[in-house]
Amino acid sequence: MSNHQPTGPSAPGTDALSQLGRATTTPQSPEEAILERVPSPHQGRQYVVRFTAPEFTSLCPVTGQPDFAHIVIDYIPGEWIVESKSLKLFLTSFRNHGAFHEDCSIAIAERLVALLDPQWLRIGAYWYPRGGIPIDVFWQTGEPPKGVWIPAQDVPGYRGRG
């Protein structure tokens, strides 16, 4: 076995990536985070890509208390797909970010839409309750293309103790 470690990406279309295959630090804010993209390996096909972040964390902008969510992002790529390490770092950057649930959820979706220009994207942000009230946020770019199988997000709604 060789001791050679890759020093950077080598797959087609990945030569400009700055994070994949390299040591990185967690961005201190979503604005500081670098989201990266690579060419879709199946351009011209309609398929759904899903990312699930069951332990998403941000801060309440008023109290500074942590807020937690289970976030599901579905999208149909156009020319680009998001590079997953950069997405993980971007989502992690919200841990020190103070914003309301709605703002965090829509900001994530809008940043991905701006980067990828997908055929379609939706986000389901299932926030855990604080103060007894869960706040779930849902948004999509429009109607999904016909004929594409888009599975349900299957995240149970909060049912309390009953």
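For the sequence shown, the positions run -15 to 146 when the numbering used here is used.
All C-beta atoms in this analysis are idealised placements derived from N, C-alpha and C, irrespective of residue type, glycine included.
Within 8 Å, strictly: CB atoms of residue i and residue j
i	j	result
L75	A37	yes
I57	S24	no
E67	V22	yes
E20	S70	yes
S77	A7	no
A109	I60	no
L100	T125	no
R79	T47	no
W111	D120	yes
Where residue i sits in the DSSP three-state scheme
i	result
E94	helix
R106	strand
R79	helix
D101	coil
F52	strand
H(-12)	Low per-residue confidence applies at H(-12): pLDDT is 38, beneath 50, and the placement is therefore not dependable, though the value from the model is reported in the following sentence. If DSSP states are grouped into helix, strand and coil, H(-12) belongs with coil.
K130	coil
S70	helix
Segment limits, beta strand (DSSP E) that includes residue i
i	result
S42	33 to 43
R114	Looking at the DSSP string, R114 is not in any beta strand (DSSP E), and its letter there is neither H nor E.
P23	21 to 23
V66	64 to 66
N- and C-terminal bounds of the alpha helix (DSSP H) containing residue i
i	result
F122	Counting along the chain, F122 falls outside any alpha helix (DSSP H), though it belongs to the beta strand (DSSP E) covering 120 to 124.
Residues bridged to residue i (per DSSP)
i	result
A136	For A136, which the question treats as bridged, DSSP gives no partner whatsoever.
D58	R34, R106
Proximity winner among the options, relative to residue i (alpha-carbon distances)
i	options	result
F122	A7, Q27, Q137, Q12	Q137
P118	H85, G126, P102	H85
P179	Y31, T47, G108	Any property of residue 179 remains undetermined from this structure, which presents the chain solely from -15 to 146.
G82	E15, H26, Y59	E15
V139	I107, G115, E127, Q27	I107
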